[in-house]
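Note sheet for the following structure.
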Amino acid sequence: MKNERGPDHCQIWEQIPWVVNGTAVDSERRRVETHLEECVDCRAEFAHQQQVHAALQADTSVDGDAEAGLQRFWAGVDSVAAPAKPARASAGRRFDTRFLVGALAATVVIEAAGLVLFGTGILSHDESTQGYRTLSEAQPAAARGEIRVVLRSEMRIGELAALLDALQLEVVAGPNEAGAYALAPRPASRVQEDRLARLRATPGVQLAEPIAGLDSGLDVAR
Amino acid sequence: MLKSQPSSSHQEPASRTSDVEECALILQIAAGERAALNQLYRMYRPRLGRFLARQTRRQDVIDEVINDIFWIVWRSADSFRRESRVSTWLMGIAWRSMLKNLHSRHDAGAGEPGLDESMQSSYEPFLDHERTDWVAKGLARLPLEQRMTLELAYGQGHSLEEVAAIMDCPVSTVKARMFHARIKLRNVLPTLSTTPAAQLSEYVGKKGLTRDWKEYRDEE
């Protein structure tokens, strides 16, 4: 058994924590394992770090009431004079619409799952008592999309959020195979502006058209 | 022979969701969905509380900083770029919020007891968990940056690169902080030591070490 020290030894010593916490890449992990077989000091250090790691993992005692914290949070948000909305789009903030497609798809799946759970009574938690509208809360105005849009790849999420906010619209379904989303007015929306015209005038919107009748091609997840 | 397999307990603490699902939540938050923020809040509160508890044991301060964190999330969700995991982005906000709170409390002359004092007294009841107790006491004696580096790596399970992103510093700085944290912890954890601290100090200063190690000494 060797007990050599040198640059390689130091690099291994440096790498030990990331092998212990499982985040080192495989090649580094194998390199450390090989070194441990022949270095008594690094074996001791590895064992020591495993104990430190275990101690930090075990120490999870945290108090606090999440629901009470949330109530305080929203009370703080609502008390702020500025519009209690997320930040609008700003120059340089870019959100890949390829991610948007996937994320919105995931959103619809999550929403569908939530609706199923509500429908079967599995979930009893109802945030409507707090005055919040949830994804799975019944929304008559959004029961069916009224406008179909297709977004250009360069459309930023911030731009989309700001646009939907300005027009008081929300995504109620999509994307379908063609990448189209169904939009519907938010409940109690008072926007008088011609939403369709505004959408069509937006550079990031490739297509905007009314959804006629029931054949929208975009099934709302409900 | 020691096994270098990661601890079986290693996982995304307090988070069982995938990054894709968390990204979907961020998108919904960017669109103003309060329910999405509620969901993210519930998922991350235990994790954030634990992270912040490494800096203070005052629950009111922890609650305040958690709300600061989610205020930033609520206001800037649309700035999230998928260059990192949501957890990395969020922990970066947590780190900056923690520093900001710490500085503001310091500027205001807040009368919070020293971290060492409060944490040691807080951990004394853990007589059946001697190792955890010793490590907690050892952590309390570390400078903030070194302590939080250990917490992010061991407590939260982040990679070297993720810790650098969270703390907004070069990878080399994380390595240096981890280096010093390990040395100092070993010096204050006699029951865990399997080699004398002096032996470590000896080979840290041994001739022929890499330049990086000398830089660590310089930074110290």
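Sequence lines, in order, name chains A and B. Each residue of the first sequence is one higher than the one before, counting from 14 in the working numbering. Each residue of the second sequence is one higher than the one before, counting from 1493 in the working numbering. In this text, a Cβ means the ideal position worked out from N, Cα and C, and glycines have one as well.
Chain-ordered, the chain A residues with CB closer than 7 Å to the CB of B/Val-1627 read Val-65, Ala-68, Leu-69. Look at the segment 1538 to 1571 of chain B and you find these whole runs of alpha helix (DSSP H), each 4 residues long or longer: 1551 to 1568.
Between the C-alpha atoms of A/Leu-180 and A/Gly-217 there is a straight-line separation of about 15 Å. For B/Leu-1540, the CB contacts under 7 Å within the same chain, skipping 5 residues up- and downstream, are Ile-1558, Ile-1561, Ala-1586 in chain order. In terms of beta-carbon proximity, A/Arg-85 lines the interface with chain B, with at least one pair separated by less than 8 Å. Put simply, the backbone Cα of A/Ala-195 is about 41 Å away from that of B/Ile-1554. B/Ala-1528 sits away from A/Ala-174, with the two beta carbons spaced by 8 Å or more.
Taking all protein chains in view, the Cβ of B/His-1598 is surrounded by fewer than 16 other Cβ atoms within 10 Å, so the residue is classified as exposed.
Assigned with DSSP and collapsed to three states, B/Ile-1675 falls in helix. Around the C-beta of B/Ser-1510, fewer than 16 other C-beta atoms lie within 10 Å, and the residue is accordingly described as exposed. Contact note: B/Arg-1669 does not reach chain A at a C-beta cutoff of 8 Å; the least C-beta distance is about 11 Å.
An exposed status is given to A/Ala-210, since fewer than 16 other beta-carbon atoms sit within 10 Å of its beta-carbon.
In the three-state DSSP reduction, A/Val-38 falls in the coil class, being neither helix nor strand. Looking at A/Gly-35, A/His-66, A/Gln-28, A/Gln-62, the one whose alpha-carbon comes closest to that of A/His-48 is A/Gln-28.
8 Å or more divides the Cβ of B/Met-1590 from the Cβ of B/Gln-1648. Taken atom to atom, the span from the alpha-carbon of B/Glu-1643 to that of B/Ile-1564 is near 22 Å. For B/Ile-1518, the enclosing alpha helix (DSSP H) stretches over residues 1511 to 1522. Along the segment 1642 to 1675 of chain B, the positions whose C-beta sits under 8 Å from a C-beta of chain A are Leu-1642, Glu-1643, Ala-1645, Tyr-1646, Gly-1647, Gly-1649, His-1650, Ser-1651, Leu-1652, Glu-1654, Lys-1667, Met-1670, Phe-1671, Arg-1674, read in chain order.
The three-state secondary structure of B/Arg-1577, taken from DSSP, is coil. Taking CB atoms only, A/Glu-159 has no neighbour in chain B less than 8 Å away.
Three or more beta-carbon pairs drawn from the segment 1666 to 1682 of chain B and the segment 1623 to 1630 of chain B are found closer than 8 Å, and the two stretches are therefore classed as touching. DSSP, reduced to helix, strand and coil, places B/Gln-1648 outside both helices and strands of the structure shown, so it counts as coil.
Listed in chain order, the positions of the segment 1522 to 1534 of chain B with a beta carbon within less than 7 Å of a beta carbon of chain A are Ala-1522, Ala-1523, Gly-1524, Glu-1525, Arg-1526, Ala-1527, Asn-1530, Tyr-1533, Arg-1534. Beta-bridge annotation (DSSP): A/Arg-161 is paired with A/Ala-195, A/Glu-222. Here A/Glu-183 is bridged, per DSSP, to A/Ala-197. A Cβ-Cβ distance of about 10 Å is found for the pair B/Tyr-1646 and A/Gln-64, leaving them out of contact under the 8 Å criterion. For B/Lys-1592, same chain residues with a beta-carbon under 8 Å away, outside a window of 5 residues either side, are Asp-1560 in chain order.
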